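Note sheet for the following structure.
Protein chains: 2
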Amino acid sequence: MTQISSPPKSLSVDKVDTSYLQTLIGYNSRRAALAVISVFMERMAAFGLRPVDFSVMSVITHNPGVTSRQLCSSLNILPPNLVGLIQSLEAQGLLERQAHPHDGRAVGLHPTSKGVTLMKQAEATASELEMEVGSKLTPTQVQTLVHLLQKIYL
Amino acid sequence: MTQISSPPKSLSVDKVDTSYLQTLIGYNSRRAALAVISVFMERMAAFGLRPVDFSVMSVITHNPGVTSRQLCSSLNILPPNLVGLIQSLEAQGLLERQAHPHDGRAVGLHPTSKGVTLMKQAEATASELEMEVGSKLTPTQVQTLVHLLQKIYL
DNA sequence: TATTGTTATACTCTATAACTATA
DNA sequence: TATAGTTATAGAGTATAACAATA
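Chains as they are written, first to last, in our numbering: chain Z, 351 to 504; chain P, 351 to 504.
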């Protein structure tokens, strides 16, 4: 370990100033995402779902027959990282893989009735959390926030 | 591998609908953060800084004498994960560790002149990027977005 | 030749337990 | 007893290269 120089040539910091970082959209959106998602994780643990599991199952439920490649594109997941995830959800009986109607390479992903039931509850829970988070804001502000965020990444 | 059932009982999906996920603040803020930060990473690579290095050096530069513990609290980093980071920045000659004026356990972190110079350029680059990202929004919208995000996580 | 799904693997990030030196 | 800094390590997340089957 490097030796600490001495004597001290400055005073201590009482309150840390992060005002510069707080001007950055990337910093603020990351901090907000982490704050919301940490609570989201706690709630979804009751369903055995991580955030990425929730996203994948949500897209499959709303888009029966969607392919792995389409999931990767829409959720920004790399194909190799989706494989184990799909296998796990299939093993849990939440989705089924079916032959794609007109592409022998692809596989259509379909929610099972168990998956549909679970996601109905999970999405209801997510929407509840959304209202809690949104309670820090007015309904209009929530709408504005979502709209502005989408202008950034879409 | 599980056998794929047949025959297919559904059509293929042409356009993936992610409208439900897009109602969630957590989902949108995460996607926005990833989009902005990926560009941020490219720009900061020129300075040899990852996002977390930038954040740490920025706080140290604006708060000379700040302790590791204070850094951890303000940036939501776990102490064990900060150790190697600080050592690396010190090895690069960007910061110095000095005895804390009135706490023998703590160490004050100070930017070197090299660190100050680097951060001046890095923050200028970050602010340039901020304007580019912000060009998708009006200046008022950027201000609104930042304000709303802070209401979520602060 | 290009694309889908897959395997193997490496790398980074994040988290937990436990230790020391000092308050 | 509590806190700052540290060590070791485990786990999760993310990334690239390469392959077989199909378009």
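In this text, a Cβ means the ideal position worked out from N, Cα and C, and glycines have one as well.
Just so we're clear, the structure is a prediction, and the values are computed from it rather than from any experiment.
Any chain Z beta carbon closer than 8 Å to residue i
{"i": "residue 433 of chain P", "result": "no"}
{"i": "residue 352 of chain P", "result": "Confidence at residue 352 of chain P is low in this model, with a pLDDT of 49, below 50, so the placement of that residue should be treated as unreliable; the coordinate-derived value is given next. At least one chain Z Cβ lies under 8 Å of residue 352 of chain P."}
Whole-angstrom C-beta distance between residue j and residue i, which should lie under 8 Å
{"i": "residue 366 of chain Z", "j": "residue 406 of chain P", "result": "Between residue 406 of chain P and residue 366 of chain Z the Cβ distance is about 12 Å, and since that is not below 8 Å, they are no contact."}
{"i": "residue 443 of chain Z", "j": "residue 417 of chain Z", "result": "Not confirmed; about 20 Å, so no contact."}
{"i": "residue 431 of chain Z", "j": "residue 499 of chain P", "result": "With a Cβ gap of about 27 Å, residue 431 of chain Z and residue 499 of chain P do not count as contacting."}
{"i": "residue 479 of chain P", "j": "residue 487 of chain P", "result": "So it is not a contact: roughly 14 Å between Cβ atoms."}
Contact set between residue i and chain Z, taken where Cβ atoms lie within less than 8 Å
{"i": "residue 439 of chain P", "result": "Result: empty, since nearest Cβ-Cβ is about 12 Å, beyond 8 Å."}
{"i": "residue 416 of chain P", "result": "363, 366"}
{"i": "residue 451 of chain P", "result": "358, 360, 361, 362"}
{"i": "residue 486 of chain P", "result": "501, 502"}
Min CB distance residue i to chain P below 8 Å
{"i": "residue 463 of chain Z", "result": "no"}
{"i": "residue 490 of chain Z", "result": "no"}
{"i": "residue 409 of chain Z", "result": "yes"}
{"i": "residue 482 of chain Z", "result": "no"}
{"i": "residue 371 of chain Z", "result": "yes"}
Partners in chain Z for residue i, counting only beta-carbon separations shorter than 7 Å
{"i": "residue 476 of chain P", "result": "374"}
{"i": "residue 420 of chain P", "result": "363, 366"}
Under 9 Å by beta carbon: chain P residues contacting residue i
{"i": "residue 442 of chain Z", "result": "Result: empty, since nearest Cβ-Cβ is about 12 Å, beyond 9 Å."}
{"i": "residue 494 of chain Z", "result": "491, 494, 495, 498"}
Partners in chain P for residue i, counting only beta-carbon separations shorter than 7 Å
{"i": "residue 454 of chain Z", "result": "Those within 7 Å of residue 454 of chain Z in chain P number zero; the least Cβ separation is about 11 Å."}
Closest residue to residue i among the options (Cα-Cα distance)
{"i": "residue 459 of chain P", "options": "P:467, P:447, P:398", "result": "P:447"}
{"i": "residue 372 of chain P", "options": "P:363, P:382, P:449", "result": "P:382"}
{"i": "residue 424 of chain P", "options": "Z:501, Z:363, Z:495", "result": "Z:363"}
{"i": "residue 477 of chain P", "options": "P:414, P:374, P:386", "result": "P:386"}
{"i": "residue 414 of chain Z", "options": "Z:457, Z:483, Z:426, Z:434", "result": "Z:457"}
{"i": "residue 375 of chain P", "options": "Z:369, Z:374, Z:384", "result": "Z:384"}
{"i": "residue 419 of chain Z", "options": "Z:404, Z:436, Z:412", "result": "Z:436"}
{"i": "residue 439 of chain Z", "options": "Z:450, Z:398, Z:475", "result": "Z:398"}
{"i": "residue 485 of chain Z", "options": "P:455, P:503, P:390", "result": "P:503"}
{"i": "residue 472 of chain P", "options": "P:368, P:482, P:394, P:380", "result": "P:394"}
{"i": "residue 411 of chain Z", "options": "Z:470, Z:455, Z:429, Z:389", "result": "Z:470"}
{"i": "residue 370 of chain Z", "options": "P:501, P:490, P:474", "result": "P:474"}
{"i": "residue 445 of chain Z", "options": "Z:453, Z:455, Z:404, Z:452", "result": "Z:404"}
{"i": "residue 441 of chain Z", "options": "Z:465, Z:497, Z:483", "result": "Z:465"}
Using a Cβ-Cβ cutoff of 8 Å, what residues of the segment 373 to 407 of chain P are near chain Z? List them in chain order. 373, 374, 375, 376, 377, 378, 379, 380, 381, 382, 383, 384, 385, 386, 387, 390, 401, 405
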